[in-house]
Amino acid sequence: MREVAVIGVGCTRFGEKWSESFRSLFVEAGTLALEDAKVAGEQIDAMYVGNMSAGRFVEQEHVGALIADYAGLASTHIPSTRVEAACASGGLSFRQAVIAVASGMEDIVVAAGVEKMTDVASGASVDALAGAADREWEGFVGATFPGLYAMIANDYMHRYPLTREQLAQVAVKNHYNGARNPIAQFQQEITVDTVLHSSLVADPLRLFDCSPITDGAAAVVLAPMERAREFTDTPVRVLASAQASDTITLHDRRDISTLDATVAAGQRAFAMAGLSHRDIDLVEVHDCFTIAEICAIEDLGFCRKGEAGRLTAEGFTTLNGGLPVNTSGGLKACGHPVGATGIKQVCEVVLQLRGEAGKRQVNGAKIGMTHNVGGTGATVAVHILGV
Amino acid sequence: MSSVARFWRKIPQRYNLVGTRCGTCGRYFFPPRSLCPECRRAGRIVEHQFRGDGTVVTYTVVRSASEQFEHSTPYVLAIIRLDEGPRFTAQLVCSPEEARIGMRVRPVFRRISTDGESGAIHYGTKYVPVE
Chain G
818 MREVAVIGVG CTRFGEKWSE SFRSLFVEAG TLALEDAKVA GEQIDAMYVG NMSAGRFVEQ
878 EHVGALIADY AGLASTHIPS TRVEAACASG GLSFRQAVIA VASGMEDIVV AAGVEKMTDV
938 ASGASVDALA GAADREWEGF VGATFPGLYA MIANDYMHRY PLTREQLAQV AVKNHYNGAR
998 NPIAQFQQEI TVDTVLHSSL VADPLRLFDC SPITDGAAAV VLAPMERARE FTDTPVRVLA
1058 SAQASDTITL HDRRDISTLD ATVAAGQRAF AMAGLSHRDI DLVEVHDCFT IAEICAIEDL
1118 GFCRKGEAGR LTAEGFTTLN GGLPVNTSGG LKACGHPVGA TGIKQVCEVV LQLRGEAGKR
1178 QVNGAKIGMT HNVGGTGATV AVHILGV
Chain S
172 MSSVARFWRK IPQRYNLVGT RCGTCGRYFF PPRSLCPECR RAGRIVEHQF RGDGTVVTYT
232 VVRSASEQFE HSTPYVLAII RLDEGPRFTA QLVCSPEEAR IGMRVRPVFR RISTDGESGA
292 IHYGTKYVPV E
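Chains as they are written, first to last, in the working numbering: chain G, 818 to 1204; chain S, 172 to 302.
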């Protein structure tokens, strides 16, 4: 297996982008990544594209070829493959690209993610997202995504000491970071009161506990480590790539408040990298809802079950804390264009490790982790990157 | 909007809680499975009629829903543990204030949703608190 490096990253600004289309978003992110990597289009050997539901959001399937075409690569006839795992589509797209390079099959590979969500009304997007859970046995009876995570929150708060204020602090911290990220959808700081006075979506989760509906795209360029310096002076190594799955429904999980797929993928990633938790300088976790960040910190093993709320309230996960979590602003403030999120997480960690994260820079960051979840935890991708 | 067949074929399960059981290891499945995750090919799946009584494992009050359920908000959504063991997701027919974890519940036959003004009406099982 060859060592793999990220040699370039690019990300559109995230938000409600009425003037941008599915394909223009992707082209923008891809162009930024290629410019960053100083790679020409004809040098690309293969592409992977994470996308959850272009079929539901813009009535377009077959997006692998579409994207290669509009990236100007139709005449090179490179393999271009769509990867789908709901909100983990981006993380899996990155992993497929890593595998392609590590195997020796391909050299220069683009891993991208894109989602154009605002071309349908909000009820229709809620329904499309519900397809990430079990349509027959969850969606059919009226389970929404916030509803499923709210049931995790209620189970968690019934069993562990987590206060409503601690939960709100997750969103406050992520908005603070988002206010320092030029691509974030929301660049305003908020207070605990903002969260507690926002409308209820699914009890106990309120509007400011939820990640938004977002348009956006992100792309990264990978190369074998031995060739990385042909393109860049600042290659970032992929130290581990792990993926795990679990039951599609929340009700079938061993434990409602533990994402066993996060536990499994996290353990595999640490084993592959030969690292321990103390080695991680920052982590981008999948905070589709505030409760999800609490569970992620615990299930990745950074603390024991029931402790993440207190640690968040104490500032452990802030930019200057013991473990900065979601320096990008996370899904909550940076935005959550579902297929692009896993790639954006990689972009953020790469910027941090290159020391290019501006006002949200974690001093001396050498090793970072990404954690991307599909559905309520049926798919999880965890990656560790280092310089 | 989906074809009628898609809902028609699930009528025994959704109306009457017909699930399955593995004759080899004895585990119960609702929603039904046709392959036992424990025994896999060594399993022997047979039909099982669930009694339906259960306990609320966790719940929420859905206040913002997809188009199909918008008219029903707010509604209580729960994970129910059937007395035979399996858990599944269902709506509770009770006020948001009434719902609590650990509450005993029993099944009732109810309308679940409608495919627009002129589409099919989908029925299934909801749950009510046991006094």
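We treat Cβ as the ideally placed atom computed from N, Cα and C, and that holds for glycine.
Can you tell me whether DSSP reads Q1005 (chain G) as helix, strand or coil? One-based indexing of the first sequence puts residue 1005 (chain G) at position 188. Coil, per DSSP.
Inter-residue Cα distance where the pair is E955 (chain G) and T1008 (chain G): The residue given as residue 955 (chain G) occupies position 138 in the first sequence. The residue given as residue 1008 (chain G) occupies position 191 in the first sequence. Take the alpha-carbon of E955 (chain G) and the one of T1008 (chain G): they are about 33 Å apart.
Run down chain S in chain order and give the residues with a C-beta less than 9 Å from the C-beta of D936 (chain G). If you number the first sequence from 1, residue 936 (chain G) lands on position 119. Within 9 Å Cβ-Cβ: nothing; D936 (chain G) doesn't reach chain S, min ~16 Å.
Along chain G, which residues have their Cβ under 9 Å away from the Cβ of G295 (chain S)? Working through the second sequence from its first residue, we reach residue 295 (chain S) at position 124. Correct list: F957, V958.
For V900 (chain G), collect the residues of the same chain with a Cβ closer than 8 Å to its Cβ; drop the 5 residues on either side in sequence, then sort them by chain order. For the purposes of this step, residue 900 (chain G) is taken as residue 83 along the first sequence, with counting starting at 1. So the list reads Y865, V866, G867, N868, S906, L909, S910, Q913, once near-sequence residues are dropped.
Between F1087 (chain G) and the rest of its own chain, which residues show a CB-CB distance below 8 Å, the 5 nearest in sequence each way excluded? By one-based count along the first sequence, residue 1087 (chain G) stands at place 270. For F1087 (chain G), where only same-chain residues beyond five positions count, the Cβ hits under 8 Å are A1057, S1093, H1094, G1118, I1201.
Any chain G beta carbon closer than 9 Å to Q220 (chain S): In the second sequence, residue 220 (chain S) corresponds to position 49, counting from 1. It does not; no Cβ of chain G falls within 9 Å.
If you draw a straight line from the C-alpha of S920 (chain G) to the C-alpha of M818 (chain G), how long is it? One-based indexing of the first sequence puts residue 920 (chain G) at position 103. One-based indexing of the first sequence puts residue 818 (chain G) at position 1. Taking the straight line from one Cα to the other gives about 6 Å.
At least one CB of chain S closer than 9 Å to the CB of P1029 (chain G): is that the case? Position 212 of the first sequence, counted from the start, is the residue given in the question as residue 1029 (chain G). No, its Cβ sits nowhere closer than 9 Å to a Cβ of chain S.
Using a C-beta to C-beta distance shorter than 7 Å, which residues of chain G count as neighbours of T226 (chain S)? The residue given as residue 226 (chain S) occupies position 55 in the second sequence. What T226 (chain S) touches in chain G: nothing, since even the nearest Cβ is about 13 Å away.
Within a Cβ cutoff of 6 Å, which residues of the same chain sit near R215 (chain S), ignoring the five residues on either side of it in sequence? If you number the second sequence from 1, residue 215 (chain S) lands on position 44. Taken in chain order, the residues that qualify are G194, T195.
Touch test, the region 216–230 of chain S against the region 272–285 of chain S, Cβ-Cβ under 8 Å, three pairs minimum: Contact between the region 216–230 of chain S and the region 272–285 of chain S is present, with at least three C-beta pairs closer than 8 Å.
Verify whether the separation of the beta carbon atoms of T961 (chain G) and V1100 (chain G) is less than 9 Å. In the first sequence, residue 961 (chain G) corresponds to position 144, counting from 1. In the first sequence, residue 1100 (chain G) corresponds to position 283, counting from 1. No, the Cβ-Cβ distance between T961 (chain G) and V1100 (chain G) is not below 9 Å.
Quick one: is S1016 (chain G) near chain S, going by C-beta distance under 9 Å? Residue 1016 (chain G) sits at position 199 when you count from the first residue of the first sequence. By the rule that beta-carbons nearer than 9 Å mark a contact, S1016 (chain G) touches chain S.
So if I threshold CB-CB distances at 7 Å, which residues from the region 247–263 of chain S count as touching chain G? Going along the region 247–263 of chain S in chain order, one finds L248, I250, R258, F259, T260, A261, Q262 with a Cβ nearer than 7 Å to chain G.
Proximity test, Cβ basis, 9 Å: V1199 (chain G) and chain S: In the first sequence, residue 1199 (chain G) corresponds to position 382, counting from 1. The beta carbon of V1199 (chain G) does not come within 9 Å of any beta carbon belonging to chain S, so the residue lies off that interface.
I believe P203 (chain S) touches G190 (chain S) by the beta-carbon criterion, under 8 Å. Please report the beta-carbon distance rounded to the nearest angstrom. Mapped onto the second sequence, residue 203 (chain S) falls at position 32. Mapped onto the second sequence, residue 190 (chain S) falls at position 19. The beta-carbon separation of P203 (chain S) and G190 (chain S), rounded to 4 Å, stays under the 8 Å limit for a contact.
Cβ distance (whole Å) where I925 (chain G) is taken to contact A1040 (chain G) below 8 Å: Numbered from 1 along the first sequence, position 108 holds the residue referred to as residue 925 (chain G). Numbered from 1 along the first sequence, position 223 holds the residue referred to as residue 1040 (chain G). The pair is a contact, with the Cβ atoms about 5 Å apart (cut-off 8 Å).
Interface partners of E241 (chain S) on chain G, CB under 8 Å: By 1-based counting over the second sequence, the position of residue 241 (chain S) is 70. Those within 8 Å of E241 (chain S) in chain G are G940.
Just the Cα atoms here: how many angstroms apart are V255 (chain S) and T285 (chain S)? For the purposes of this step, residue 255 (chain S) is taken as residue 84 along the second sequence, with counting starting at 1. For the purposes of this step, residue 285 (chain S) is taken as residue 114 along the second sequence, with counting starting at 1. Looking at the sequence provided, one finds Glu at residue 255 (chain S) rather than Val. Within the model, the alpha-carbon separation for E255 (chain S) versus T285 (chain S) is close to 31 Å.
Answer yes or no: do C1151 (chain G) and F1003 (chain G) have a C-beta to C-beta separation smaller than 9 Å? Indexing the first sequence from 1 puts residue 1151 (chain G) at position 334. Indexing the first sequence from 1 puts residue 1003 (chain G) at position 186. Against a cut-off of 9 Å, the Cβ pair of F1003 (chain G) and C1151 (chain G) comes out as a contact.
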